[in-house]
Amino acid sequence: MNEPHRGYVNLYSFDRWNYNTDLHIGHYPSALQSLALGDGHVQNIPFYTKTWPLPSRLSHYTRVDPCGRLAWLQRNDSIAFPNTRQQDGCLWREHGVWDWDEAKQKPVVLQADYFRVDPRPGQQRRRVEWYKDFYAPFVQKFDQRYVMQKRAYEL
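The numbers in our numbering rise by one with no breaks, and the one at position 61 of the sequence shown is 1511.
Next up, the structure:
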């Protein structure tokens, strides 16, 4: 994999991206805006254009309206996945990471460190590190399985 992205692991901020590590080109919602859009809420999304010598600059904002459509399957959707837990709406909202403020008509963060700590019991909310905790174990397992398949093929 060429330059794998960490996703939300070690999320810098719910409100903005790290300009030094995340290339901004085109529509570039913040993490919080992305969650709200996925939950069907209108958002004003920044649009970045390429520039020189900096990688990009903010050009304008665009009102993006998902028209109430959700990115998440609902319990009553016709597509069913057996043996999976079904939720209604955003998984991260259900976990209490964020919520929608009806009075202000905007998303609010409830657990700012959710993607920076290990939530599993016994981990005492230990801070996670992308390479050590996720990427390196993935590469090691991938390598082991590759070697096993190669050996099986060679026999």
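Virtual Cβ for every residue (Gly too), placed ideally from N, Cα, C.
Residue i burial status per 10 Å Cβ neighbour count (16 or more: buried)
i	result
residue 1542	buried
residue 1547	buried
residue 1565	buried
residue 1592	exposed
residue 1587	exposed
residue 1517	exposed
residue 1496	buried
residue 1521	exposed
Beta-carbon gap between residue i and residue j smaller than 8 Å
i	j	result
residue 1561	residue 1538	no
Anticipated Cβ contact below 8 Å, residue i with residue j, distance rounded
i	j	result
residue 1485	residue 1557	6 Å
residue 1501	residue 1477	Contact doesn't hold; Cβ gap of about 16 Å is too wide.
residue 1479	residue 1487	6 Å
DSSP bridge partner residues for residue i (one or two, in chain order)
i	result
residue 1548	1559
residue 1511	1496
Next on the checklist: To test your reading of the DSSP string, which unbroken alpha helix (DSSP H) runs of 4 or more residues are found completely within the region 1456-1499?
Outcome noted: 1481-1488
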